[in-house]
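Residue 87 is where the sequence shown starts when you use my numbering, and the numbers rise one by one after that. Even glycine gets a Cβ: it sits at the ideal position worked out from N, Cα and C. Working notes, structure below.
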Amino acid sequence: MYIPKHFEISDKDEIFAFVEDNAFGQLISNVNGRFFSTHMPFLLSDDKAKIIGHLALQNPQHSELNGQEVLITLQGAHDYISPSWYAAPGVPTWNYQAVHIYGNCTVFTSPAKIQSVVDALTQKYESALPQPWKAQYKASMLGAIVGVEIIISEIECKYKLSQNRSSQDRSQVIEHLKEFGSNELAASMERNEL
């Protein structure tokens with residue numbers, strides 16, 4: 087990913103917090119000589135060295151994943167930024183936050199390991215609900231998926247949040263984003279003030 091210096095994020099704690107909060111993304115690999123992408127939720131391991139998830143057994147992506155270097159892309163809030171929001175001249179652009187994770191992938195079929203991935207994903211997303219669903223999976227359901235584990239080799243993080251603009255321009259962008267209901271992006275800009 088192209089990352090100009092003023093948009094680059096290198097703080098590991100910030101990056102991993104972003105990964106945890108924006109863990110639905112794309113697993114990109116090569117299948118039959120072409121790029122292939124699956125949109126899916128991911129789990130970051132406790133030691134922050136691996137990304138784990140699962141694919142449907144019928145998804146052709148898993149057939150060539152083992153041993154392949156893959157790319158995972160994760161994205162946060164994003165929106166259009168009008169140059170009319172600036173005090174100084176500018177051009178139309180897009181503000182966003184993104185993480186790219188590269189790593190070597192291993193496919194696994196161990197029922198116990200797949201069960202632990204499914205349980206962890208269910209726990210992560212059900213715990214926010216007022217009445218969490220209790221996971222109950224039949225063996226046949228677990229047999230219809232395969233696990234994937236990516237050993238992280240490189241992480242790139244870009245927050246393009248108008249850091250190249252004046253504080254006045256940034257404030258005006260934040261206000262306009264709020265007016266148009268893009269509150270999450272506005273909050274990210276406020277948290278990442280220069």
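Coil, strand or helix - residue i by DSSP
i	result
Pro218	coil
Leu113	strand
Asn269	helix
Phe128	coil
Val156	strand
Gln161	strand
Thr192	strand
Ser213	coil
Asp205	helix
Met87	coil
Ala103	helix
Ala173	coil
Asp133	coil
Residues near residue i in its chain [Cβ-Cβ closer than 7 Å; skip 5 each side]
i	result
Ser274	Gly162, Ala163, Gln183, Leu247
Pro146	Val117
Arg256	Ser248, Met275
Glu261	none
Contact check, residue i vs residue j, beta carbons under 8 Å
i	j	result
Gly111	Phe128	yes
Ser189	Val156	The question names Ser, but residue 189 in the sequence shown is Gly. Closer than 8 Å, so yes.
Ile187	Ile237	no
Ile95	Tyr245	yes
Lys134	Phe93	no
Lys136	Glu265	no
Leu294	Ser115	It is not possible to answer for residue 294, since the shown part of the chain is limited to 87 through 280.
Asp107	Ser268	no
Beta-carbon proximity list for residue i, same chain, < 8 Å, skipping 5 on both sides
i	result
Gln144	Ala230
Arg251	Tyr172, Ala174, Gly176, Val259
Ser149	Val117
Pro90	Asn250
Met87	Ala184, His186, Glu242, Lys244
Ser239	Glu155, Tyr188, Gly189, Asn190
Ile200	His140, Phe194, Leu228, Ile231, Val232, Gly233
Pro197	Ala225, Leu228, Gly229
Residue i Cβ short of 7 Å to the ligand GDP heavy atom set
i	result
Gln222	In the structure shown, the ligand GDP is absent, as is every other ligand, since no ligand is present at all.
8 Å contact criterion, which residue i and residue j should meet: CB distance rounded
i	j	result
Gln258	Trp171	5 Å
Beta-ladder partner(s) of residue i, from DSSP
i	result
Glu242	His186
Phe122	Ser115
Leu247	According to DSSP, which records beta bridges pairwise, Leu247 is partnered with nothing at all.
Lys224	Note: Lys224 sits in no beta bridge, so no partner.
Gly139	Val234
Tyr166	Trp180
Glu94	Lys244
6 Å Cβ shell around residue i - same chain, five flanking residues per side excluded
i	result
Thr159	Gly111, Gln112, His186
Ala109	Pro127, Phe128
Val203	Ile138, His140, Gly233
Thr179	Ile167
Met227	none
Leu215	none
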